[in-house]
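**Student:** After the structure tokens below, expect a handful of questions from me.
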Amino acid sequence: QKEVEQDPGPLSVPEGAIVSLNCTYSNSAFQYFMWYRQYSRKGPELLMYTYSSGNKEDGRFTAQVDKSSKYISLFIRDSQPSDSATYLCAMRRTRADGLTFGKGTHLIIQP
Amino acid sequence: DGGITQSPKYLFRKEGQNVTLSCEQNLNHDAMYWYRQDPGQGLRLIYYSQIVNDFQKGDIAEGYSVSREKKESFPLTVTSAQKNPTAFYLCASSIGLDQPQHFGDGTRLSIL
Chain V
3 QKEVEQDPGP LSVPEGAIVS LNCTYSNSAF QYFMWYRQYS RKGPELLMYT YSSGNKEDGR
63 FTAQVDKSSK YISLFIRDSQ PSDSATYLCA MRRTRADGLT FGKGTHLIIQ P
Chain Y
-7 DGGITQSPKY LFRKEGQNVT LSCEQNLNHD AMYWYRQDPG QGLRLIYYSQ IVNDFQKGDI
53 AEGYSVSREK KESFPLTVTS AQKNPTAFYL CASSIGLDQP QHFGDGTRLS IL
């Protein structure tokens, strides 16, 4: 079983829909969770950074962590064509550990 | 503008050659990282550096070397010992090892 699992997609949704992106993980020691957005031929851009369980909201984005289920989610409200990208989850055990990345989900927002 | 600059954007290497990828940051970050990204795979850590003149191997360091002589610069050399060097290479930096990492726009390396 891989440490971090992420459906590669593609996930295609109409503009304006609520998007749900998810990662599952096997290591219960992970405490810090991140979501990155990566456009084609570009580097990943940090979207959300959360610690432990709970929700965090930033504009149209909400990150949710359920440590009991080892499951994290990123919700995008009022999705736009410019949200079309690959979304990577990343996590680590302690503040000084290296990051473990998911493989990314390719999201397509249809105009 | 503050940021991380990777150059060149595209790089071609002949078999048996060493090549060096450049990474410069003007964010005054102490920590810097090199990752490799292959199609269908997550990012994998090659090397990281917490401070000047110090660096540590990541998960896939074999066939690579780095130096950290200046805070702003963390070049990566892909040596001829790296048997499968074709990949997208990403450099990142953070204020400290425990802070979120920010990425450059990558260098795509291909073998001729």
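Residue numbers (the numbering used here), protein chains in the order written: chain V, 3 to 113; chain Y, -7 to 104. Quick reminder that beta carbons are idealized off the backbone N, C-alpha and C, glycines included.
Determine the DSSP secondary structure at D60 of chain V, reduced to helix, strand or coil.
**Tutor:** strand
**Student:** Taking only beta-carbon positions, decide if K193 of chain V is within less than 9 Å of chain Y.
**Tutor:** Lying outside 3 to 113, the shown extent of chain V, residue 193 of chain V is not represented and no answer is given.
**Student:** Within the continuous beta strand (DSSP E) that includes F77 of chain V, where are the two ends?
**Tutor:** 73 to 78
**Student:** Distance check for L3 of chain Y and S85 of chain Y, CA to CA, integer angstroms please.
**Tutor:** 22 Å
**Student:** Buried or exposed: S41 of chain Y, going by 16 or more other Cβ atoms within 10 Å of its Cβ?
**Tutor:** It is buried - the Cβ of S41 of chain Y has at least 16 other Cβ atoms within 10 Å.
**Student:** 9 Å is my cut-off, CB to CB: does P10 of chain V come that close to chain Y?
**Tutor:** Answer yes: the Cβ-Cβ gap between P10 of chain V and chain Y drops below 9 Å somewhere.
**Student:** If you reduce the DSSP assignment to three classes, tell me which class D2 of chain V lands in.
**Tutor:** No information on residue 2 of chain V is available, as it lies outside the stretch 3 to 113 that chain V covers here.
**Student:** Determine, using beta carbons only, whether L3 of chain Y comes closer than 9 Å to chain V.
**Tutor:** no
**Student:** Check whether the Cβ of F66 of chain Y lies closer than 9 Å to any Cβ atom in chain V.
**Tutor:** Not closer than 9 Å to any Cβ of chain V, the Cβ of F66 of chain Y fails to qualify, so no.
**Student:** Assign P83 of chain V to one of three DSSP states: helix, strand, or coil.
**Tutor:** helix
**Student:** Just grab the DSSP bridge partners of V15 of chain V for me.
**Tutor:** V:I111
**Student:** Per the DSSP calculation, I103 of chain Y is bridged to which residue(s)?
**Tutor:** Y:R5
**Student:** Quick one: residues in its chain with C-beta nearer than 7 Å to the C-beta of G98 of chain Y, no 5 flanking neighbours on either side, listed in chain order?
**Tutor:** Q(-2), F80, Y81, L82
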